[in-house]
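Novice: If you scroll down you'll find the structure; I have some questions about it.
In this note's numbering, the protein residues as written are 760 to 1145.
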């Protein structure tokens, strides 16, 4: 066995890394972010320009047409979108910090088990961060089509004046885009490297070994290598789809390439079977991936897979502890590493309180504006007769 030279000793508990409190806080934070993003997408599904979203909102989700209007737009844009902005950045920073800490400990004897826990939590944060990023971009783009791009200095005036703010004025600030994109790229690079190390064929059997030694004797194979390929594809697609539309140059280039591919596929639809059938399948698949519907369905599936993977990690960790007669309950001790992620759960509450205050202010403004409007003469005469 190649790992015999690693000097794999008994697995030592580390509650700051693998404590149940930290794991639960990451899972709860991801679940809350996903549900807020999905609620935002559902409220704006009827305003999407994607054919699949239009079909679903008019056929399957008829109730969405009833909630469409100024109230739904104000709720999603003044309350949910600011929370999404905050949640997206919070998930990005927490995932980045925990992964960076894991790589620092990578050189100091970190075990394969604890490295797996760190990567699992980083994946959980990545999933919810990308979803909240996509949701806010899709909602803004669906409302902004056909509208002139607002000037950045006008955004604060519209928010503070109490006017019904158009959705495309609530965007990620332009000045922070380079920093956010840089953090996302570094985070993606760290996650790609961690995923490559996890492709070792004997990964689960080496939980008590130092991850540095396993990385030096890396032999990809089995199910872990297949999952590495899947994860690589998801990471490359997810971060490309998030970062490219964020900048004007890359966004225009991507739209130009997309339009060119769509034209080519449109010409090929008239070709004889079975090629035309394949082209139609590719067209429908692209329509599905670009839709809000996909962003509603996919994250739940990926979140469930992440929870199942965490269960598998905990199981093999328990096996490694029992080999040396250690008790896994030692990792339930509360400490700094468990308290900090739990406190991060409070972060979205702050923008939520501010956003709800803006929404209430808008409602009062609209009510006062309606009262100040002159009433029709007919209604005035009716009141005087009463």
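All C-beta atoms, glycine included, are put in the ideal place defined by N, C-alpha and C.
1) When the Cα of residue 846 is compared with those of 1060, 964, 885 and 1074, which residue comes out closest?
2) Leaving aside the five residues before and after residue 776 along the sequence, list all residues of the same chain whose C-beta is less than 7 Å from its C-beta, in chain order.
3) State whether the region 842-859 contacts the region 786-794, with contact taken as three or more CB pairs (one from each stretch) at a distance under 8 Å.
4) So what does residue 719 bridge to, in DSSP terms?
5) Which residues share a DSSP beta bridge with residue 969?
6) Straight-line CA distance for residue 993 to residue 1081?
7) Does the pairing of the region 1003-1014 with the region 767-774 give three or more beta-carbon distances under 8 Å?
8) For the alpha helix (DSSP H) holding residue 775, just list the boundary residues, first then last.
9) Quick test of your reading: residue 859 and residue 888, contact by CB under 8 Å. State the CB separation rounded to the nearest angstrom.
10) Once you ignore the five residues that flank residue 1068 on each side, which residues in its own chain have a CB closer than 7 Å to its CB?
11) For residue 1058, count neighbouring C-beta atoms within 10 Å of its own C-beta (all shown protein chains included) and say buried if the count is 16 or more, exposed if not.
12) Should residue 894 go down as buried or exposed, given a rule of 16 or more other Cβ atoms within 10 Å for buried?
13) Do residue 869 and residue 740 come within 8 Å of each other at the CB atom, strictly closer than that value?
14) Would the beta-carbon of residue 798 fall within 8 Å of that of residue 837?
15) Since residue 1081 is in the alpha helix (DSSP H), which residue starts that stretch and which ends it?
16) Assign residue 1036 to one of two classes, buried (16 or more other C-beta atoms within 10 Å of its C-beta) or exposed (fewer than that).
17) Under the three-state reduction of DSSP, which class applies to residue 1105: helix, strand or coil?
18) State the Cα-Cα distance for the pair residue 800 and residue 998, rounded to the nearest angstrom.
19) Between the alpha carbons of residue 814 and residue 1004, how many angstroms are there, rounded?
20) Start and end of the alpha helix (DSSP H) containing residue 843?
Specialist: Taking the coordinates as given:
1) 885
2) 873, 876, 877 and 1096
3) yes
4) Because the chain is modelled from 760 through 1145, residue 719 falls outside the range shown and cannot be assessed.
5) 870
6) 35 Å
7) no
8) 774-777
9) With 8 Å as the limit, residue 859 and residue 888 do not qualify as a contact, their Cβ atoms being about 15 Å apart.
10) 879
11) buried
12) buried
13) This structure gives no information on residue 740, because the portion of the chain shown stretches from 760 to 1145.
14) no
15) 1051-1082
16) exposed
17) coil
18) 20 Å
19) 25 Å
20) 840-865
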